[in-house]
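S.K.: Structure incoming, see below.
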Amino acid sequence: MAADPKAELERILTEGVRQIAPELVEFHVVLEKPRRSEHGDYSSTAPLQLAGTLGKPARAIAEELRRLTARSIARAGVCEPLELAGAGFLNIRLKSSEKQNVIAQILRQGAAYGGVHADRPQKIMVEFVSANPTGPLHVGHGRQAALGDAIAALLEAQGHEVTREFYYNDAGAQIHNLALSVQARARGLEPGAAGWPQEGYNGDYVQEIAAEFLAQRGEVEDLEEVRRYAVGFLRKEQDVDLEKFGLRFDVYYLESSLYADGKVEDTVKALAASGKTYEKEGALWLRTTEYGDDKDRVVRKSDRSYTYFVPDVAYHVTKWRRGFTKVINLQGTDHHSTVTRVRAGLQALGIGIPAGYPDYVLHSLVKVMRGGAEVKISKRAGSYVTLRELIDWVGCDAVRFFLVSRRADSEFVFDVDLALARGEENPVYYVQYAHARVCSVFAQWGGEVAALSGARLDALKGGKELALAQRLAEFPQLLLGAARELAPHAVAFYLRELAGEFHRYYNAERILVEDEALRVARLALCAAVRQTLANGLALLGVSAPEKM
RNA sequence: GCGCCCGUAGCUCAGCGGAUCAGAGUAUUGGCCUCCGAAGCCAAGGGUCGUGGGUUCGAAUCCCGCCGGGCGCGCCA
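In terms of my numbering, the first sequence opens at residue 181 and continues consecutively.
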């Protein structure tokens, strides 16, 4: 059996095209998966694509291609003879044995099924969440957490070495405002009162921090002490949330360390030395417009302090110097203007960093609906749904699956009432239920599941079970695409489809039948379904329960 | 005004390196448990894929204009 029948068939067909038209060296046949099963497991539109350039009818090309490849196809032994259809489609039906083999392969590979060993593993960093320690994590952070963790997992499954990193902006003006806010609260002021800081944080959590601070006998007039306490408090809070979300970072990187280590200073010097800067109105500017930016950017303000852009560049230099050849940053679309800027800064340094470095995944902000009205998300206003609340309401699995089940750049509406009132409608239950159902069948059966990996499978001949096996076979390709596109939502959609395919099969056929050969074969199929579901859910950070 | 992103079924959204691409879930309606979990399954209705052009044998998919929405456009982060 071929390791990958699809790739084998594509190779054979491409070779066939080469015989028809030797001049088309760039042409590669790519098989597609037809929507309708009558059209086979794979199909090729190569004849239609070639009809124009070759000046021949598509059907004639298809006929010729079929004739030329017939022998190779037969020798490969993975599919039935090619079928001609429609205007010039070539439809391919895999042999049952080929589909059955997938099951054995899955059971052999277990948790590793779907992934690959990269020929050239890359050292990749995914930076995400990176919330300022100025307040609790909200649903927007949740979306980023779910997306980032899943993307990291997808890349790991492709054999790469992935580091999950969290960057704390703990050195800027926001932190200062937080300290002032806590101090004001500690002095008994309310938001909006005379003496309340102009850019202060109004959330209730500020009051909590102030109360704790006073209880610890903190010195209210020592702003630096207040600052340290508040930041420590909120970082601890965020850690609790992240743990509750089942998320672990490998590295927590502090912006303040960039100042302490002199890296910010070094970056400014390097930028100045690059010849890409100039003085204007008392400030130092970088010609980012030379790298596609709308306007040049200030590096050093007229008050001699630096804009946030500088530590940002310094930070990304460390990513490069730490050996990350590929870096993926997750950010809200509200920060998309930083993309060009950061890249421009890195290019201006001229230290060999590639032009597209780093990659970005931008996600839209999450809109939270509750009671038919939108809940505004705003740290400043202090009125927003926190990640912790959401997890408490609908559970970690549902939050994870839900937040990752849509394209990052599509606006996301999280209907809290729906999630609250009718949790079982959540798609995650549908997928988890399929997994639990298989477990239940095994419990009923009472046999040794591990022994199924050597089971004979030729009894699996039904259309539904072969379709199910074929669906399982798609998993590795699906993961490849999802990793390439940095699009974990594809995994969520796949899992729903797989679960649906299984539920339909389960409803139509009995697993634990009298006939032993058929029973064991079907159990093996179920085991493969369970394994694939579990592997996919694991990538999304969602549990695969045995009972629900 | 400029830049980026997005307009697909009542609602929430997939599909967007063109063809076998008009889809899923949900909601509505009607069926299925003496049978391995009904948190499931089956069936029906519902969209000229925002709009007008262009490229192509063929466009939801690629290009341009327009309309509508989101986000940016600071010596804030």
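Glycine residues also receive a C-beta, built at the ideal position from the N, C-alpha and C atoms.
None of the values given here were measured: they were computed from a predicted structure.
What does the alpha-carbon distance come out to for the pair M580 and L720?
M.R.: Taking the first sequence and counting its residues from 1, one reaches residue 580 at position 400. Taking the first sequence and counting its residues from 1, one reaches residue 720 at position 540. Note on identity: in this sequence residue 580 is Arg, with Met being the wrong assignment. Distance between the alpha carbons of R580 and L720 is about 7 Å.
S.K.: Starting from K303, follow the alpha helix (DSSP H) in both directions and report where the run begins and ends.
M.R.: By 1-based counting over the first sequence, the position of residue 303 is 123. Looking at the DSSP string, K303 is not in any alpha helix (DSSP H); the run it does join, the beta strand (DSSP E), is 303-307.
S.K.: Which class does Q650 belong to by DSSP, given the choice of helix, strand or coil?
M.R.: The count along the first sequence starts at 1 and reaches residue 650 at position 470. It is helical.
S.K.: Kindly indicate which three-state DSSP category A265 falls into: helix, strand or coil?
M.R.: Residue 265 sits at position 85 when you count from the first residue of the first sequence. Correct three-state label for A265: strand.
S.K.: Can you find the residues in the same chain that come closer than 8 Å, C-beta to C-beta, to A688, ignoring five residues on each side of it along the sequence?
M.R.: Indexing the first sequence from 1 puts residue 688 at position 508. So the list reads K644, once near-sequence residues are dropped.
S.K.: Distance check for A614 and Y432, CA to CA, integer angstroms please.
M.R.: As a first step, residue 432 must be located in the first sequence, where it is residue number 252. As a first step, residue 614 must be located in the first sequence, where it is residue number 434. Each residue's alpha carbon lies about 37 Å from the other.
S.K.: Leaving out five residues on either side along the sequence, give the residues of the same chain with a beta carbon under 6 Å from the beta carbon of D384.
M.R.: As a working note, residue 384 is residue 204 in the first sequence. Taken in chain order, the list of residues that qualify is empty.
S.K.: Quick one, which of V406, Y488, T343, S517 has its alpha-carbon nearest A364's?
M.R.: Numbered from its first residue, the first sequence carries residue 364 at position 184. Per the Cα distances, V406.
S.K.: Grab me the residues of K159's own chain with a C-beta within less than 6 Å of its C-beta, minus the 5 sequence neighbours each way, in chain order.
M.R.: Any answer about residue 159 is impossible in this case: the structure gives the chain only from 181 up to 728.
S.K.: What's the gap between the Cα of R469 and the Cα of V478?
M.R.: By 1-based counting over the first sequence, the position of residue 469 is 289. By 1-based counting over the first sequence, the position of residue 478 is 298. Note that residue 469 is Thr in the sequence shown here, rather than Arg. Spanning the two alpha carbons is a distance of roughly 12 Å.
S.K.: May I ask you to report which of helix, strand or coil DSSP gives L705?
M.R.: As a first step, residue 705 is located in the first sequence; it is residue number 525 there, counting from the start. Here L705 sits in helix by DSSP.
S.K.: In this structure, does DSSP put Q511 in helix, strand or coil?
M.R.: By 1-based counting over the first sequence, the position of residue 511 is 331. In the structure shown, Q511 sits in a strand (DSSP, three-state: E or B).
S.K.: Based on the DSSP secondary-structure assignment, which residues constitute the bridge partners of S723?
M.R.: Counting from one through the first sequence, the residue named residue 723 turns up at place 543. DSSP lists no partner for S723.
S.K.: Pull up the distance between the alpha-carbon of A226 and that of L264, whole angstroms please.
M.R.: Mapped onto the first sequence, residue 226 falls at position 46. Mapped onto the first sequence, residue 264 falls at position 84. Their backbone Cα atoms lie some 12 Å apart in a straight line.
S.K.: Of all the options G525, N509, A240, which has the alpha carbon lying nearest to the alpha carbon of L327?
M.R.: Taking the first residue of the first sequence as position 1, residue 327 is located at position 147. Nearest option by C-alpha distance: N509.
S.K.: Which partner residues does H318 have in the DSSP bridge list?
M.R.: In the first sequence, residue 318 corresponds to position 138, counting from 1. For H318, which the question treats as bridged, DSSP gives the partners T566.
S.K.: Under a Cβ-count criterion, where at least 16 other Cβ atoms within 10 Å of its own Cβ denotes burial, should L692 be classed as buried or exposed?
M.R.: Counted from its first residue, the first sequence places residue 692 at position 512. Exposed is the call here.
S.K.: Please classify D492: is it buried, with 16 or more other beta-carbons within 10 angstroms of its beta-carbon, or exposed?
M.R.: What you label residue 492 is simply residue 312 of the first sequence in a count that begins at 1. It is buried - the Cβ of D492 has at least 16 other Cβ atoms within 10 Å.
S.K.: If I measure Cβ to Cβ from N357 and keep anything under 8 Å in the same chain, skipping five residues before and after, which residues do I get?
M.R.: Position 177 of the first sequence holds residue 357. T314, P377, E379, G380, Y381, listed in sequence order.
S.K.: Exposed or buried, what is G375 when buried is set at 16 or more other beta-carbons lying within 10 Å of its beta-carbon?
M.R.: The count along the first sequence starts at 1 and reaches residue 375 at position 195. Counting Cβ neighbours within 10 Å, G375 comes out exposed, since fewer than 16 surround it.
S.K.: Assuming G268 contacts A231 (C-beta within less than 8 Å), just tell me the rounded distance between them.
M.R.: The residue given as residue 268 occupies position 88 in the first sequence. The residue given as residue 231 occupies position 51 in the first sequence. Rounded to the nearest angstrom, the Cβ distance from G268 to A231 is 7 Å, consistent with a contact under 8 Å.
S.K.: Alpha carbon to alpha carbon, what distance is there between K460 and Y537?
M.R.: For the purposes of this step, residue 537 is identified with residue 357 of the first sequence, where counting begins at 1. For the purposes of this step, residue 460 is identified with residue 280 of the first sequence, where counting begins at 1. Cα to Cα, Y537 sits roughly 29 Å from K460.
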